[in-house]
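Chains as they are written, first to last, in my numbering: chain A, 630 to 769; chain B, 2 to 405. Idealized CB from N, CA, C, for every residue including glycine. Report on the structure given below.
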């Protein structure tokens with residue numbers, strides 16, 4: 630199992646291949662389209678993340694000290710970004726998730742291409758992921 | 002005819018690059034850009050005669066007061082009000098609406114009814130909901146038809162004797178549709194109801210005559226018509242403004258103050274407590290002068306040309322849906338392409354330097370009516386060009402292709 634940092638480094642390396650923003654966007658769109666189907670019963674208001682212009686649902690489950698995240702959005706670029714977040718965070722322990730320092734977003738140059746509204750939405754998603762981890766850590 | 006390329010030289014921001022490409026600014030319905038003629042007047046105020054108005058005896062204060070009051074005259078003349086004191090300077094449309102909604106708290110009772118429409122901006126809904134909560138009065142809603150226009154038959158049937166007020170926008174900020182405000186006002190008056198028109202979107206695109214409209218209250222913002230942000234005006238008929246209590250207490254709005262009794266100042270000062278946005282008001286006046294130097298007739302003709310050109314070419318895009326595609330509208334186009342989320346389209350357009358607005362545009366009821374999460378809204382101003390529209394449509398086609 631790769632660490633959260635190793636996964637982030639891998640994503641940074643992948644994005645290095647892209648020549649310009651349109652290739653990065655195209656990649657995010659493709660990731661969004663390939664995001665595993667979200668369970669309809671989890672598409673509820675209590676799973677909605679506040680602060681996004683598009684709707685983003687985030688659900689988590691906890692088994693054997695491992696947190697699994699699944700998410701969905703009605704906007705495809707948001708879905709692509711979510712897909713990266715799930716790849717980074719899902720399958721790790723609450724301690725690892727809480728301790729993780731998320732640097733890949735800035736390093737792949739996504740920050741400069743995100744509007745303030747979208748950047749805020751992204752921060753809300755990461756915050757919610759960490760809140761879930763904190764709750765599971767407390768449960769342990 | 003206006004010379005758009007000459008006009009563009011007045012707007013320094015239009016030469017800016019975003020994301021390494023030329024800016025194409027199509028978010029004019031949110032905020033219009035500011036010409037040098039307005040920027041210079043504001044900068045001149047701070048460089049030459051920055052001081053407080055009305056009470057100072059010194060020369061700077063006299064200068065500032067004259068220019069501030071001159072803006073009031075310019076606005077009164079431009080909008081065809083009867084008297085200067087009917088023009089109250091505000092921080093913008095929302096502030097103007099709140100002066101009225103707060104003033105009506107004592108004048109509206111639980112037996113009264115108020116009317117808004119389904120196409121209102123949230124700022125022309127929420128203050129009235131708050132008023133209803135406080136007074137126990139009832140809010141009734143004129144529905145829109147599927148083409149986005151107001152359902153006037155429903156309006157007529159909602160106009161019952163209990164209706165004291167009607168609150169309607171002149172132009173829908175989301176759809177660009179121009180409402181038949183004269184008919185709305187006349188019908189309301191026959192019913193002894195008063196009317197407030199939210200003119201935030203109307204004032205920038207055509208000439209308005211408040212006396213001819215016979216409207217009771219009218220509110221607008223400077224930043225929609227080439228003026229600075231944080232300033233606007235509230236127009237009210239003298240007798241109505243006089244019947245309202247002051248909105249805020251403070252300096253400037255009083256004539257005498259003792260601990261036994263304070264006398265309020267006359268209009269317009271009664272509603273202008275504290276030091277106002279002096280530079281903003283003077284800039285607002287300059288913006289009105291600037292737009293008149295171009296001519297509202299010219300602006301109307303040219304913006305209609307841009308609207309028709311953009312609508313015609315947008316319609317060639319596969320799966321495009323335009324909301325509110327009717328004849329009587331200003332240069333605002335709200336649309337979606339297939340099932341693509343408006344924020345996806347907006348994000349990609351931004352990469353091509355095209356600034357549009359995406360989302361609900363503070364009009365959630367309209368989105369609910371069409372059962373959509375939002376729209377992409379492109380809004381054009383008299384300084385935009387057909388070649389910008391070509392680039393926008395080209396970028397839109399690329400965005401649609403990327404999203405697949």
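- Counting along the chain, the unbroken beta strand (DSSP E) around residue 195(B) starts and ends at 195-199.
- Secondary structure of residue 647(A) (DSSP, three-state): coil.
- For residue 17(B), there is no enclosing alpha helix (DSSP H), as DSSP marks it with neither H nor E.
- Residue 170(B): member of the beta strand (DSSP E) spanning 164-170, first to last residue.
- When rounded, the separation of the alpha-carbon atoms in residue 343(B) and residue 256(B) is 53 Å.
- Chain B has no Cβ within less than 9 Å of the Cβ of residue 766(A).
- C-alpha of residue 250(B) to C-alpha of residue 64(B): approximately 26 Å in a straight line.
- Pairwise C-beta distances place the segment 101-119 of chain B out of contact with the segment 284-296 of chain B, as fewer than three of them are shorter than 8 Å.
- DSSP assignment within the segment 318-369 of chain B yields the following whole beta strand (DSSP E) runs of 3 residues or more, N-terminal first: 321-324, 333-338, 358-360.
- For residue 736(A), the uninterrupted alpha helix (DSSP H) run begins and ends at 733-736, by DSSP.
- Around residue 8(B), the same chain offers 384 as residues with beta carbons nearer than 6 Å, after the five sequence neighbours per side are excluded.
- In this structure, the CA atom of residue 32(B) is about 33 Å from the CA atom of residue 661(A).
- Ranked by Cα distance from residue 136(B), the options 151(B), 142(B), 115(B) are led by 115(B).
- With a threshold of 16 other beta carbon atoms within 10 Å, residue 276(B) falls short and is exposed.
- Under a criterion of Cβ atoms nearer than 7 Å, the residues of chain A adjacent to residue 404(B) are, in order, 658, 705.
- The straight-line gap separating the alpha-carbon atoms of residue 100(B) and residue 163(B) is approximately 22 Å.
- The distance from the Cβ of residue 236(B) to that of residue 82(B) is about 6 Å, consistent with a contact at the 8 Å cut-off.
- Of all alpha-carbon atoms in 173(B), 293(B), 359(B), the one lying nearest the alpha-carbon of residue 376(B) is that of 359(B).
- For residue 360(B), the C-beta contacts it makes with chain A under 8 Å involve 682, in order along the chain.
- Below 8 Å, too few C-beta pairs join the segment 688-707 of chain A and the segment 384-398 of chain B to call them touching: fewer than three.
- Along the segment 329-352 of chain B, the positions whose C-beta sits under 7 Å from a C-beta of chain A are 342, 344, 345, 348, 349, 351, 352, read in chain order.
- DSSP, reduced to helix, strand and coil, places residue 9(B) within a helical segment of the structure shown.
- In this structure, residue 331(B) keeps its C-beta atom at 9 Å or more from the C-beta atom of residue 232(B).
- For residue 219(B), the uninterrupted beta strand (DSSP E) segment begins and ends at 218-222.
- Contact between residue 713(A) and residue 755(A) is absent: CB atoms are separated by about 11 Å, not below the 8 Å threshold.
- The segment 84-111 of chain B is shown to contain whole beta strand (DSSP E) runs of 3 or more residues at 88-91, in chain order.
- By the Cβ rule, the segment 199-210 of chain B counts as touching the segment 170-190 of chain B, because three or more pairs are nearer than 8 Å.
- Residue 316(B) has its alpha-carbon roughly 22 Å from the corresponding atom of residue 361(B).
- Comparing alpha carbon positions, the residue from 165(B), 138(B), 184(B), 149(B) closest to residue 111(B) is 138(B).
- In the DSSP assignment, residue 118(B) falls within the beta strand (DSSP E) that extends over 114-118.
- According to DSSP, residue pairing for residue 179(B) in a beta bridge involves 172(B).
- Contact between residue 196(B) and residue 220(B) does not hold, since the beta-carbon distance rounds to 12 Å and is not under 8 Å.
- As computed with DSSP, residue 140(B) is found in a beta bridge with 115(B).
- For residue 284(B), the uninterrupted alpha helix (DSSP H) segment begins and ends at 279-295.
- Taking a Cβ-Cβ threshold of 7 Å, none of the residues of chain B is close to residue 648(A); the smallest such distance is about 13 Å.
- Between residue 181(B) and chain A, the shortest Cβ-Cβ separation is not below 9 Å.
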